[in-house]
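Here's the structure, in structure tokens; my notes come after.
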Amino acid sequence: MGSTIHYKPKFGTNDEDGISLERFTDMYGADPFYHWIGLDSPLMYAAHKAAGGMTSVYRQIGFGCERLFKALVQDNFELTADQVHWSYTAEKKDGTIGTLTLDARIDLAHIGTKPEIRQRVRAWLDRCCQKLEMSAERTAQIKGVVFEVRQGYKSADAGRQNKDLQFGMNAEHQNYLPVLAVISTQVSHTVIRRYRNAKMLVLTGTQRGADVDSTYEFFRSVVGFDLANFFERNSEQMRKRCTSILGQLLTPA
């Protein structure tokens, strides 16, 4: 999240580095209306800085969650970079073909030399399919799982939802179970219900529930790593860093 500290709002300009407080004061101060009503205040700059910076904070946390999730899956299942990687191609609006890469994959064939681990994952897949009310025939065809990882998911963006559902269809086409794994409990229940109705498994950051509902229980019982304990052990350091960044975002300069 370190890059977030240096965030500066653009205020409708094309300046990639953003606008400094001094330039903002000159720009808004030169606008008669904004000057008359007081929007050329440093506090207004701080509000814009905080609003844009918060978006960056969430984005950076999301990137970190994706990388951590992938690394833990790869390390604990002893997978190669190619084995944990999964992508698919899709046509874009302009007619060109694009490649979309997901965050992690577990294929039963890649852990075939470890019978006890393979059985553990197979049993979990069976429970997932049962929760999604898949037929026994379809369950037997599922050969693994592909994950899309989010730190939270409260967006009602239809475009993002459609991309997630597209990922789900492509994963199912290759006989992988599509899973949206959310690290926090901050989710839109309307969106989650839509995904589950489309036969996509959704794990959320609750510490209660089964391994077909909770991201943390999935890690504990299936991956063999206590992710909740990892965050608890490192909480003091992470909270200190986050508080420092938020404090700097709330100051005008």
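All the letters of the sequence shown, read from the start, carry residue numbers 753 to 1005 under my numbering.
Every residue, glycine too, gets a C-beta built ideally from N, C-alpha and C.
At which residues does the alpha helix (DSSP H) containing residue i begin and terminate?
i, result
"Leu773", "773-781"
"Thr942", "941-949"
"Glu988", "987-1001"
Provide the residue(s) that pair with residue i in DSSP beta bridges, ordered along the chain.
i, result
"Arg902", "Val934"
"Ile789", "Answer is none; Ile789 lacks a bridge partner."
"Ser966", "Thr956"
"Gly920", "According to DSSP, Gly920 bridges with nothing at all."
"Gly896", "Asp859, Tyr928"
Contact check, residue i vs residue j under 8 Å by CB: the rounded distance?
i, j, result
"Phe899", "Phe982", "Not really, about 18 Å apart at Cβ, beyond 8 Å."
"Ala908", "Ser940", "6 Å"
"His800", "Phe763", "7 Å"
Could you check what DSSP says for residue i in three-state terms: helix, strand or coil?
i, result
"Tyr928", "strand"
"Ser907", "coil"
"Thr956", "strand"
"Gly804", "helix"
"Glu830", "coil"
"Tyr759", "coil"
"Pro1004", "coil"
"Asn914", "helix"
"Phe821", "helix"
Could you give the residue range of the beta strand (DSSP E) that holds residue i?
i, result
"Ile849", "849-853"
"Glu843", "839-843"
"Ile858", "856-859"
Measuring only from the beta carbon, is residue i closer than 7 Å to any heavy atom that is part of the ligand COA?
i, result
"Thr807", "Looking for the ligand COA in the displayed structure turns up nothing, as the structure carries no ligands at all."
Query raised in the report: Can you list, in chain order, the stretches of the alpha helix (DSSP H) that have 4 or more residues and sit fully within the stretch 867-891?
Result: 867-883
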